[in-house]
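S.K.: The structure that follows is given in the form of structure tokens.
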Amino acid sequence: MAVLDQVTNANVAEPLPKLCRKLWKGKVAATLDDDGRICRLTCRADYLVQVCQWLMRDLGFAFATLVVEELASAGLSLVYVFYRDAPSPWAYLELQLDAGMTQVPSISGLVHGPSADWHEREAEDLFGLTFEGHPRLGEFVLHEDWPEGVNPMRRSFDARRRKGRELDITWEPPTVVVAPGAFAMPIGPVFSDFAESAHFLLETVGEDVIRTIPRFFYKYRGVEKIAEGKPVDRVLLLAERFSGTAAFAHGLAFCQAIEAIYGIDVPPRALALRTAFAELERLRHHAAVITGICNSTALAVATAQAALIEETLLRLSCDVSRHRYLFGLVIPGGVSRDINNEDWEHLVTAIGALAERLRDLHQMLRYSSSFLDRLEEVGIVSTEQAITYGLVGPVARASGVARDMRKLFPYANYADIDFAVPVEQEGDGYARLRVLFHETEQSASIIRRALLSLPEGPVDAPHASRHAGVALAVVEAPLGAAFHWLRVNEDGTVARYRITPPSFTNWHGFHLAAENFAFQDFPIILASFGLSNAECDR
Amino acid sequence: MADWVLKGLRTGIKSTAYPQRPEKASGVSPGRPIGTSLGSAKRAETLAELCPTGAIIRDGRNVTVDFGRCVHCYRCHPNEGDEAVSWDLSYEWAADRDQLAAAKRKLDRAFGRSLYLRFVDAGACGACVSEARQLNNPYYNMHRLGFFTTPTPRNADVLLVAGPVSDAMRIPLRQTYEAMPTPKRVVAIGACALFGGVFGPSFVASGGAAEIIPVDVEVPGCPPPPLAILHALLVVVERKPPTPLASLPSAQSREMA
Amino acid sequence: MSITTQLFALFFVLCGSGAVAAFILPTRWNPISLAVFGTLTALVLLAAGGLLLLGDAEFHAELWPVLSLGVMTLAADRLSALFLFVAGLVFLPVAIFSGSYLVKYLCHYSLRYFNFLYFALFASIVLVLLAGDALSFLVSWEFVSIVSYLLVNFEYKREESSQAAFVMLAMSEAGTIAVAIAFLLVAVAAGSMEFGALRSAAPSLSATMAGAVFLLSFFGFAVKAGLVPVNSWLPLAHPVAPTNVSALLSAVIVNLGIYGIVRFNLDLVPATTSRPGLIVLVIGSVSALIGILYATVESEMKRLLAHSTIENMGIVAAGIGAAMIFLATGHQIVASIALIAATYHLANHSVYKALLFLGTGAVEAGAHTRDLDRLGGIARVMPWTSVFFLIGVMAIAALPPLNGFVSEWLTLQTVLRSVLLSSTPVKIVFAISGAMLALTAGLAVTCFVKVFAMGFLGLARSEGAANAAEVRIGMRTPLALLAAACILLGLLPTYVIPILDRSVMPLTHESATAALVPPFFSLAAQGQEAIPPKFLAEFHDLGAQVGEGLLPGRGLVVLHRGEEHNPVIFAMSTSYMFVALTGILALTFVVFRLATRGRTLARRAVWAGGLRRLWPGITYTATGFSNPVRVIFGAVLHPAAGEDSTEAVAQHFRTAITRDQVEAHIVDRLVLDPPVSGLRWLAAIVRRMHVGNVNAYAAYVLVALLLVLIIGAGIF
């Protein structure tokens, strides 16, 4: 098991603006922010593709998200956000379109383009942009009955009114496999058992899945649109609840964005508690994914053992925070409630015991050959594919991409706590399982360290200032990097809230793992990714 | 394989004693606000305004709680001892939507100890789905009560719905409901399925499952704990009485009881 | 002239008239004239064959003498009569079907030519079956080969048609040569070509000569019968021939191969050891397995049915091989049972294969495609065709109470009778054959479930299938006739078995009727062979005396009792099964109706997992259905991956993924390819002699002359 140690110096000899001036004289303007965290580049649409290529291929930046905003009195503005797996400023590539203009060159055709593919399709559906060079693959977020030409994220669209729908539309995606007797096997949107809704078409000739056509956004609730114009405390509810299994992480990201905008200093005790609670959520989430993996391979006793651990963690969360999923715990400025001594002791001992049980379970699973048969060398994502598709989280770390936002852009208390980030190289189901188990160990250790060194003091910082501003907050949610872009107005309402959850990024790479394996492996590969549709669909 | 057998035997029986005996373990329920007498109209007004979904309603100097609208944001109950609403840690939350006629009740008794569930995720966030999934874990073990899941609606008796019914799931939900043979019951789980939750009626989400299909039993909460979902299933088969959604202040409820 | 001679003469006259009428009448009347004359000829043949088979008639005619080779004679014994009757039974519906089917060729090909060839084929088939001496046999055999080649190549404008027909002709000729040599070898020993003379000369052949004769004749006739390893022409020829010709090929012409094997190796030159029988048994079982394996993974209907013909002929050959072994080891009754099983299966196969082929023709006419991957959903719009096809499918999958079940049951019973044998190696071979036949039966069910389900049920997968329409009555009537024949042959085995027994008795010299269908209900039982009281008691214990006094003759139960030291009873009655099945179904129906009297019935759409509606692209195809078999038997089928390619726009958006799999038949790979490559290698070596220099060729001539002189001088 390889471990990501302290990241050493990156390979950028010169600062980004200087490089930019040398290569793109006059075509691209680059400025570095005062605190050196963000480098803003502006260019015209004709150079967009080349600059992105330069950033991604030559300088090794990874694509994070594409934020499209419709600011008052101007056309659409696009911000392409890039980051690097090494200490380096963020790169925001800003493109301003004139009013009425909707054509933008697509960067999905580049070698690292797939990481931007779904962002462009989403912008197409929701804003009406046309990305040249991107094959229009049809409905993505809005399904086939949505009227053509109506884009809900535009200002002119009223979020409260429902539009008329066309009822008798059939959806038949283009099939790509050419072989005698090829057909597509439909799965979903209503799955068997307790599963989230999504749809998969598996193109096959009978035994092997040759191509998967996934279809998401069956659970699209328009969170980004509903948030516009609402006060911050109302949007906090949305941020927590759009993905209930990672509520604390997303709520934390939202609060961090608010704190960045308003310049709030979070007290140290709150930072430490935030760390502890975030890791508690990560532990519980990973226990749930492990339960899912054991369930998919029908190993009944292991499923029961993992489910017992998950339920214990849920009850533990409820004991220390009143809610089994940590709802209502994080607020801008700190946490909403402190932890008393009794709960503190309970948490410290319980976490130790749970880590022990997880270690036992891992040990037993390691020697169950029938279980490993289903996971080893099944559902492989290579390192190169993980980089090209910009995958994040445990899935990427199992494929050799050592990317963890807690180390790259430390938030809460993480900079002060020493922990390891487990990385595996094989990229198969078993590698992902091992990463999950090792991360639970690390989480347990982080919780103990955070609690044992808990500073005294208040747990929230009151704030009253209100001004307009914009910030990008990033957290390492249990499933990977989550990017929250927030712009607030003068009166404290939200102007634009763009969420790029890790499931959205990783679902895009799912088909790489599922193709060329048999039908029976499909549910197991699905379980080994452990992704959330609610998080992806928002 | 023998290792697993021994491990399972050593772990023993973990199932809860509910419904024979109430569950006393901690952490099984996030609890809920109940109607409280506050003694001052101003305090009642402040409290009512704190609630983002309008679950707390001022009634003179008291507050009543429409529990169907609670999303567990805890703004009305930040810490104990504050001027907060009273809290109870029960979990039997399922409510009857309509007065079920006697004829329909007879059918429910017939389900007895063999009830087949079909779960449809109509836009729920992962929490309701996760709580429903816990019904199969050794702690709650719904099989011992005769509740089973089935992959096809053709064999299902009860349809469990979670989520505000996002646009794209309206037709699948409707189709699932119609594919079930009568007699069938619908249980709506979670605040979103009751009134749309924080996502509310919007351009892509309905205001709850009742807008699409007829709902028989509602389980409030965000998310409702597994014991509340069990309670709802027991209400369907008439092994437990339902609990009303509106909670009056304790004095009044004592008068009425 | 006896009545049979008159009937046969009438038959040939009608054939000639049919051929002549083809040229006299205007072209558009040709299909009708074929139907009319074809029906008449078939009826006459049925009459003649029936008289010979069921009655006591005889037929013997001497034709003209040929050079010094003897007189050409025609003679029909009960064995020929059986094959004649089956041929007539198949030609009748085919003729009716052709009346409507041939209309599609009106403007493209010459139907006069077709009619002429049709009657020529009919006449030559009958001549083969009537041949009484080797010369007439070989001449008519050759006629059959050539005329069937011409008919198969009827759509000569198509490239694949010519190629396939040529392979068929080449293999037929090779087989004919082998058969001719076998006949000649025996004729040389007998001094005459007549069958009677050959029969008496057979015992005087030396062991090696007998062995050589057996091998030559068996493999020669196996070509026509479509047994492994000489079956390569069958799956090539059937898809390219017009459908009514395919039906004749599979249902009548392959029977000629079996007729040849039975006539030559059981009648004329019977085997004295069990070795020939073992060879036949093994070849039969292997053919059965390979045939059904390739049928299961095939999705073009006619090629699938062609592979299935190989399978069924394998089963028949297995029965014949078992009979030969039992005969050689002295168990005549069991040999009779084996031959009855084989001939029963032959008759059944002719009937249901003709039904399936004509059904395919109807499907093609109604839905415009024969590819199972492009059919689907036609059961609703073509109900009659579907019902008759379903009967054919159930028969070929050997489901009770239809005819396929009876003959498969009998075949497996004879294989189990191998406990009687003393030699352990032979018993082991029997056991392995039995296992192969059982596996074949299982695969057959898979294969034909696939055919019916993918072809008729579900959603239509192509335009043609979506716009399908029921075919005309002219095409449905022959299907109905054949379906009725399937049902009758299945429900009344106790009447069929005595007839078959009388046909095979001359070969085995023992009757098996009493052993299989004892006359329990015969009112004149006193005059018949006495039934042991113990047997009678066991019969009553089985409850099989139901219907005593009501049912005539031998009742409806097929029963065989084992030996003293192994007194196991095998019993089966398809008629009682039928009654029980209909009874249970009717009872269930009535109960269900009563129980749901007050309830409403709701009809809902198919549950598709929440999708708005199903479209054909997401339903299973025939290839997908049979893919597990392809994967499991991959070692045999040996699919070689052909071109696998992926096209993409910008590397990431794939626009086409092509998967190609090439399958070469195992027989071609193992049996035909090595000699062919050996020949090519040899030819390459010989080619080196062609230096291109005239002087060198002159030198070759000189050398050859010198060699001849030396050898000539050496010998004399």
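Residue numbers (our numbering), protein chains in the order written: chain A, 146 to 683; chain B, 59 to 315; chain C, 109 to 824. Think of the CB as a built atom: it goes at the ideal place given N, C-alpha and C, for glycine as much as any other residue.
Starting from Glu621 of chain A, follow the beta strand (DSSP E) in both directions and report where the run begins and ends.
M.R.: Its beta strand (DSSP E) spans residues Gly614 to Ala622.
S.K.: Going along the stretch 221 to 246 of chain B in order, which residues come within less than 7 Å of chain C, judged by CB to CB distance?
M.R.: Here the close residues are Ile229, Pro230, Gln233, Thr234, Glu236 and Ala237.
S.K.: Any beta-carbon of chain A closer than 8 Å to the one on Val739 of chain C?
M.R.: Judged by the 8 Å Cβ criterion, Val739 of chain C is in contact with chain A.
S.K.: Which same chain residues end up closer than 7 Å to Arg594 of chain A when comparing Cβ atoms and leaving out the 5 residues on each side of it in sequence?
M.R.: Counting only Cβ-Cβ distances below 7 Å, and skipping sequence neighbours, we find Ile562.
S.K.: Please name the residue in A:Glu373, A:Leu383 and A:Phe361 whose C-alpha comes closest to that of Met298 of chain A.
M.R.: Among A:Glu373, A:Leu383 and A:Phe361, the Cα nearest to that of Met298 of chain A is on A:Glu373.
S.K.: Report the option in C:Gly392, C:Pro378 and C:Ile204 whose CA atom is closest to the CA atom of Arg438 of chain C.
M.R.: Arg is not the amino acid found at residue 438 of chain C; the sequence shown has Gly there. Checking every option, the nearest Cα to that of Gly438 of chain C belongs to C:Pro378.
S.K.: Does the beta carbon of Trp715 of chain C come closer than 8 Å to any beta carbon on chain B?
M.R.: Chain B contact via Cβ: present.
S.K.: Kindly list, in the order they appear in chain B, the residues whose Cβ is closer than 9 Å to that of Gly718 of chain C.
M.R.: What Gly718 of chain C touches in chain B: Val178, Met227, Ile229, Pro230, Leu231, Gln233 and Thr234.
S.K.: Taking only beta-carbon positions, decide if Cys123 of chain C is within less than 8 Å of chain B.
M.R.: No, its Cβ sits nowhere closer than 8 Å to a Cβ of chain B.
S.K.: Between Ser224 of chain B and Lys364 of chain A, which are expected to be in contact by the criterion C-beta below 8 Å, what is the C-beta distance as a whole number of angstroms?
M.R.: About 5 Å; that satisfies the 8 Å criterion.
S.K.: Starting from the Cα of Gly427 of chain C, find the closest Cα among C:Leu413, C:Gly385 and C:Leu412 and give me that residue.
M.R.: Nearest of C:Leu413, C:Gly385 and C:Leu412 to Gly427 of chain C, Cα basis: C:Gly385.
S.K.: In chain C, which residues lie with their C-beta within 9 Å of the C-beta of Gly351 of chain A?
M.R.: Tyr728, Thr729, Thr731, Gly732, Phe733, Ser734, Asn735, Pro736, Arg738 and Val739, listed in chain order.
S.K.: Which residue marks the beginning of the alpha helix (DSSP H) containing His656 of chain A, and which one marks its end?
M.R.: Note, His656 of chain A: alpha helix (DSSP H), Pro647 to Ala659.
S.K.: Below 8 Å CB to CB, which residues in the same chain sit around Phe131 of chain C once its five sequence neighbours on both sides are set aside?
M.R.: Closer than 8 Å at Cβ, skipping near neighbours: Arg220 and Phe224.
S.K.: Looking at chain A, is there any beta carbon in it that lies within less than 8 Å of the beta carbon of Thr104 of chain B?
M.R.: With 8 Å as the cut-off, Thr104 of chain B does not count as an interface residue toward chain A.
S.K.: What do you get for Thr417 of chain C, buried or exposed, if any count of 16 or more other CB atoms within 10 angstroms of its CB means buried?
M.R.: Under this definition Thr417 of chain C is a buried residue.
S.K.: Report buried or exposed for Ala756 of chain C, applying the criterion of at least 16 other Cβ atoms within 10 angstroms of its Cβ.
M.R.: Its Cβ having fewer than 16 others within 10 Å, Ala756 of chain C is exposed.
S.K.: If you measure from the beta carbon of Thr210 of chain B to each beta carbon in chain C, is any gap under 8 Å?
M.R.: Closer than 8 Å: yes.
S.K.: Under 8 Å between the Cβ atoms of Phe465 of chain C and Thr351 of chain C?
M.R.: Cβ distance < 8 Å, so Phe465 of chain C and Thr351 of chain C count as in contact.
S.K.: Are the CB atoms of Glu341 of chain A and Thr320 of chain A within a distance shorter than 8 Å?
M.R.: Taking 8 Å as the Cβ cut-off, Thr320 of chain A and Glu341 of chain A do not qualify as a contacting pair.
S.K.: Can you pull the chain A neighbours of Arg762 of chain C, defined as C-beta to C-beta under 8 Å?
M.R.: By Cβ distance, chain A contributes Val321 and Arg356.
S.K.: State yes or no: is the C-beta of Ser444 of chain C within less than 8 Å of the C-beta of Thr616 of chain C?
M.R.: A contact, by the Cβ cut-off of 8 Å.
S.K.: For the stretch 622 to 637 of chain A, which residues have a beta carbon sitting closer than 7 Å to at least one beta carbon of chain B?
M.R.: Answer set for the stretch 622 to 637 of chain A: empty.
S.K.: So, does the CB of Pro334 of chain A fall closer than 8 Å to a CB anywhere in chain C?
M.R.: Yes, its Cβ sits closer than 8 Å to a Cβ of chain C.
S.K.: Would Tyr452 of chain C be called buried (16 or more neighbouring beta carbons within 10 Å of its own) or exposed?
M.R.: Buried, because 16 or more other Cβ atoms sit within 10 Å of the Cβ of Tyr452 of chain C.
S.K.: Quick one: which unbroken alpha helix (DSSP H) runs of 4-plus residues sit fully inside the stretch 519 to 545 of chain C? Chain order, please.
M.R.: Counting only runs of 4 or more, we get nothing.
S.K.: Closest Cβ-Cβ distance between Ile765 of chain C and chain A: below 8 Å?
M.R.: At least one chain A Cβ lies under 8 Å of Ile765 of chain C.
S.K.: Going along chain C in order, which residues have a C-beta closer than 8 Å to the C-beta of Ala329 of chain A?
M.R.: Result: Gly725 and Ile726.
S.K.: Please look up how many angstroms separate the CB atoms of Phe193 of chain C and Phe116 of chain C, rounded, as I've assumed it's under 8 Å.
M.R.: Not really, about 13 Å apart at Cβ, beyond 8 Å.
S.K.: Based on the DSSP secondary-structure assignment, which residues constitute the bridge partners of Asp353 of chain A?
M.R.: A:Ala663.
S.K.: For Phe245 of chain C, which of helix, strand or coil comes out of DSSP?
M.R.: Three-state result, Phe245 of chain C: helix.
S.K.: Kindly list, in the order they appear in chain A, the residues whose Cβ is closer than 7 Å to that of Tyr132 of chain B.
M.R.: In chain order: Arg467, Gly473 and Ser481.
S.K.: What residue from C:Lys535, C:Ala568 and C:Pro509 has the CA that sits closest to Thr690 of chain C's CA?
M.R.: Here the closest residue by C-alpha is C:Pro509.
S.K.: How many angstroms separate the CA atom of Lys164 of chain B from the CA atom of Ala473 of chain C?
M.R.: Reliability of the predicted coordinates at Lys164 of chain B is poor, the pLDDT of 49 falling under 50, and no value is obtained from them.
S.K.: With Cys128 of chain B as the anchor, note down where its alpha helix (DSSP H) starts and where it stops.
M.R.: Where Cys128 of chain B is concerned, there is no enclosing alpha helix (DSSP H), given that its DSSP letter is neither H nor E.
S.K.: On the three-state DSSP scale, how would you describe Thr69 of chain B?
M.R.: It is helical.
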